[in-house]
Amino acid sequence: MSRHTGGYARCEKPMNSRIRATIVLLMLLLGSSAHGVERRLESIKQQALALYTVRLADQRQFSPSVMMLIDDQAPDFSWRSVQVWIDDIALAQYAYSPRETQLLDSGLGQQLAIAQLSDGPHRVRVSAIAQSRGRSPRRTDTELSLDEELSFDTWPRGFSIQLTQISPQRARLRLITPLGPAALQQAAQYEYALGHPGKALTLLQNLAHQDPARTQQADYALLLGESLRAWGLASAAEATFDQLSASDGPSSILARARLASAELALERGALDTAAKNLLPPRGDSWPAAHLAQARTLETRIRLAGGSVPLPTESQAIKGSAIWRYNLAAALLESDQDAAAEQLLRDVASGPDDADSPGTIRDFANLKLGYRYLRRGEGLRAADAFASISADGPLANRALLGQGWAALATLSSRSAVAADDFRPEFVLRIEAGISAASGAGATNRADAINRAVELFSGLLPLNPLDPTVQEALVAIPYALAELGAYERAVRYCDRAIVVLEAVRGALLSARARLRNESAIQASALVSRGWPPRPQGWQNWATREPWWAYAKPVIPADAHVYFLLQHGETLRILEAMHLLQDAQAMTAAAAELDSLKKPAQQLSAKIDTERKRQQTTLDRHTANWLNSEAARSKRYLVMARLLLAQLHERMRNQDH
Amino acid sequence: MPDSALPAPRSQSGQRRYPLIGLILLAGLSTSSLAQDIGMKIIGDNDSEFGLLVAKWMDGQDSGFLAPGLIDEDFLPLEPWVLDMQQAAARALQAPTPPAE
Chain X
47 MSRHTGGYAR
57 CEKPMNSRIR
67 ATIVLLMLLL
77 GSSAHGVERR
87 LESIKQQALA
97 LYTVRLADQR
107 QFSPSVMMLI
117 DDQAPDFSWR
127 SVQVWIDDIA
137 LAQYAYSPRE
147 TQLLDSGLGQ
157 QLAIAQLSDG
167 PHRVRVSAIA
177 QSRGRSPRRT
187 DTELSLDEEL
197 SFDTWPRGFS
207 IQLTQISPQR
217 ARLRLITPLG
227 PAALQQAAQY
237 EYALGHPGKA
247 LTLLQNLAHQ
257 DPARTQQADY
267 ALLLGESLRA
277 WGLASAAEAT
287 FDQLSASDGP
297 SSILARARLA
307 SAELALERGA
317 LDTAAKNLLP
327 PRGDSWPAAH
337 LAQARTLETR
347 IRLAGGSVPL
357 PTESQAIKGS
367 AIWRYNLAAA
377 LLESDQDAAA
387 EQLLRDVASG
397 PDDADSPGTI
407 RDFANLKLGY
417 RYLRRGEGLR
427 AADAFASISA
437 DGPLANRALL
447 GQGWAALATL
457 SSRSAVAADD
467 FRPEFVLRIE
477 AGISAASGAG
487 ATNRADAINR
497 AVELFSGLLP
507 LNPLDPTVQE
517 ALVAIPYALA
527 ELGAYERAVR
537 YCDRAIVVLE
547 AVRGALLSAR
557 ARLRNESAIQ
567 ASALVSRGWP
577 PRPQGWQNWA
587 TREPWWAYAK
597 PVIPADAHVY
607 FLLQHGETLR
617 ILEAMHLLQD
627 AQAMTAAAAE
637 LDSLKKPAQQ
647 LSAKIDTERK
657 RQQTTLDRHT
667 ANWLNSEAAR
677 SKRYLVMARL
687 LLAQLHERMR
697 NQDH
Chain G
35 MPDSALPAPR
45 SQSGQRRYPL
55 IGLILLAGLS
65 TSSLAQDIGM
75 KIIGDNDSEF
85 GLLVAKWMDG
95 QDSGFLAPGL
105 IDEDFLPLEP
115 WVLDMQQAAA
125 RALQAPTPPA
135 E
């Protein structure tokens, strides 16, 4: 008995006309508007999906594949972990993360594994741990087990392991066979929600073969469109949404389809099509839940078309924080600063967003803070920076900004010539500091002391973070302004030692890049998604190297910061999608008639993987260069400052 | 990995700039022994901003120190999945805060 777990579903049925129609639809959707790399990736994904679909259609009966699903029907219990043996061979072992448990609780199902089993009876043994729901003191674990004989003679072959309950205190397991179409769709929804749209697509394709009538249903089409879109097949997704919005289904689903279609049209620059899709479904008005998104999109379409929306319009926009934030970005792009800032203030002071609690608000505050700083409005900037949560990802930048805001309160409103080297607000601060004298002297000392206090919060943190590097230099700078030369010299020395170490580490990482990649993208994405480099879990317990007097920087210390970069993540995501495509191609290659095209596609995927890895290496080199340049700038500042300090101290002595 | 994947090798002019910059630096300081004391030697640099920075500093020598403040915020749209992954990465790396110095 061969097996593979967590793979792609396969079931079988003779080809019929509806399936043909589905395949033809998929093939017809191959047209694309993307360019270059995206174009190549899209064509690979389309081919892989088409091959996989043809394989499902062509496969005759008696496939050895048996699919195992996990299902939660107990309102008072949740899945924690499960182990499955069939004929005393361990087939699957899985522990659920909180997010996965939450999805299972909400009624979705998981495709646990696929096994290759012969006909006839099999002994299925399941051992599971379920947890009672509710608040933590009342939460208890229950061990459950089950031992049953099962035959998989009816198509589709597979079973689902269901968690049910006898009473609020007692849970039990049940095996359900054969699988129903609803279970497959729930499994697809689960994969989509976890960010695995490729796997969701294969499950939906399976479902289409099992129950072609279901493909006509609105919720199926919506999930198919959303998965296609998340998997990067934009044109196929748009066609699916268009078809759906022309059909008759529940108006909330039609509204979502129209909005998604409008957004896709906007992204590819087809403004007329986008505007047409913004007409509410069935000539009615928009359902309340979708009105906000429709208005955001409307404004974005108008901005893209070059027309200027009225300020009141953007003020009245409600809805998800990230839409409004991105709309503010679009407004700034078209030089409508007042409207953009108003929108940002709304986001910054708004309630928590369910999708991304607090983070978008922090971003809005950060951007607002920097805009105020640039205008020399120190107090407002300080307020904005102080509203950023102290344990969020932007905490360091907030602290740095607060320090600068403390200094900016000194600044006079005089015009300062822009300088392409330093941001304008720094020049303002300098002008303010040198202008303050006499009665303002105590204020000035207070402000500088306050800034030093804020900057020193960053000192004990990881110096690979640019904000920490800036604080390392800003502290002696501010102390020198106070005339505390000896303290300034000590901080300068520290900054030089740390920055030298950082620079050395970055340069040697760049030198190593000639021989080996910093990130082996395909290995990284094959271990899981989102990517988690091995050894990260140790970082949390290891003694932080940056606290040493002379930091000894681990060779891979920069990888974390590299992985925070949007471009790196984009390349890794492309690798992840290629891995999905490879799995689909491998499934297709099992069929003799598809072996040759599958091999060709597989070669193409390999080439594309190499290309993506090369792109990633080039990006890594660029990133290391720019980080090394940044740390060098700070290093030069620290050294020059030290020289000046020595000069001043000498002059004082004489 | 092919060499073409890496940045172009350092240019000739870039190599020649160091002695020149060193001269400017030394001229900017009143004593050369002081420069040695504080280790005013930067090695392994290959981009043009170095000269720019020194020139700016020389220009602004009379008006006070050169402030940091190089981090500038650009306003780009956010993508939810990128945010998710950055947060996941941050969680994976959360280290205990070392005691303050």
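Taken in sequence, the protein lines are chains X and G. For the first sequence, the numbering used here begins at 47 and goes up steadily by one. For the second sequence, the numbering used here begins at 35 and goes up steadily by one. By construction, the Cβ of each residue, glycine as well, lies at the ideal position given by its N, Cα and C atoms.
| Query | Result |
| --- | --- |
| Supposed contact pair L373/X and I745/X - C-beta distance, whole angstroms, cut 8 Å | Nothing can be reported for residue 745/X, as the shown portion of chain X is limited to 47 through 700. |
| Buried/exposed call for M630/X, threshold 16 Cβ in 10 Å | buried |
| Under 7 Å from the C-beta of W450/X: neighbouring residues of chain G | G103 |
| Length of the line joining the Cα atoms of D79/G and V548/X | Here D79/G scores only 48 on pLDDT, less than 50, and its place in the model is too uncertain to base an answer on. |
| Sheet register partners of H168/X (DSSP bridge) | L196/X |
| Interface flag, P439/X vs chain G, CB-CB below 8 Å | yes |
| Assigned secondary structure, I521/X (DSSP; H/G/I helix, E/B strand, else coil) | helix |
| L525/X versus A675/X - alpha carbon distance | 25 Å |
| is_contact[T286/X, chain G] using C-beta, thresh 8 Å | no |
| V571/X (DSSP reduced to helix, strand or coil) | helix |
| Three-state secondary structure (DSSP) of E589/X | coil |
| Backbone secondary structure at R560/X - three-state DSSP | coil |
| Outcome for T715/X when other beta-carbon atoms lying within 10 angstroms are tallied against a minimum of 16 | In the structure as shown, chain X begins at 47 and stops at 700. Residue 715/X is therefore absent and cannot be evaluated. |
| Element boundaries [beta strand (DSSP E), containing D265/X] | Taken as a continuous stretch (DSSP letters only), D265/X belongs to no beta strand (DSSP E), being part of the alpha helix (DSSP H) at 264-276. |
| The segment 410-426 of chain X / the segment 445-453 of chain X touching (three or more Cβ pairs under 8 Å) | yes |
| Start-to-end residues for the alpha helix (DSSP H) that takes in W131/X | Where W131/X is concerned, there is no enclosing alpha helix (DSSP H), although the beta strand (DSSP E) it sits in stretches over 123-132. |
| Extent of the continuous beta strand (DSSP E) run through A316/X | Per DSSP, A316/X belongs to no beta strand (DSSP E) and is neither H nor E. |
| Counted within 10 angstroms of its Cβ, other Cβ atoms place L691/X as buried (16 or more) or exposed | buried |
| Of the residues L425/X, A551/X, L440/X, E532/X, the one placed nearest A452/X, counting alpha carbons only | L425/X |
| Exposure label - Y594/X; buried when at least 16 CB within 10 Å | exposed |
| is_contact[V472/X, chain G] using C-beta, thresh 8 Å | yes |
| Supposed contact pair A338/X and G365/X - C-beta distance, whole angstroms, cut 8 Å | 3 Å |
| Residue burial classification, I406/X (beta-carbon count within 10 angstroms, cutoff 16) | buried |
| Sub-8 Å separation of R679/X and L104/G beta-carbons | yes |
| Status (buried if at least 16 other CB within 10 Å, exposed otherwise) for M119/G | buried |
| Straight-line gap, S554/X to R101/X (C-alpha atoms, nearest Å) | 49 Å |
| First and last residue of the uninterrupted beta strand (DSSP E) at S206/X | 204-213 |
| Of the residues P326/X, P509/X, H622/X, F471/X, the one placed nearest E107/G, counting alpha carbons only | F471/X |
| Residue range of the beta strand (DSSP E) that includes A120/X | Taken as a continuous stretch (DSSP letters only), A120/X belongs to no beta strand (DSSP E), as it is neither H nor E. |
| P296/X, buried or exposed, once every other Cβ within 10 Å from all chains shown has been counted against 16 | exposed |
| Given 8 Å, three or more beta-carbon pairs between the segment 641-653 of chain X and the segment 591-605 of chain X | no |
| Beta-carbon separation (whole angstroms), E195/X vs L221/X, contact threshold 8 Å | Contact doesn't hold; Cβ gap of about 10 Å is too wide. |
| Euclidean distance between Cα positions of E546/X and L510/X | 11 Å |
| Proximity test, Cβ basis, 8 Å: Y606/X and chain G | yes |
| Distance CB(P345/X)-CB(Q251/X) smaller than 8 Å | Note on identity: in this sequence residue 345/X is Thr, with Pro being the wrong assignment. For T345/X and Q251/X, no; Cβs fall outside 8 Å. |
| Inter-stretch contact (C-beta, 8 Å, three-pair minimum) for the segment 487-496 of chain X and the segment 524-538 of chain X | yes |
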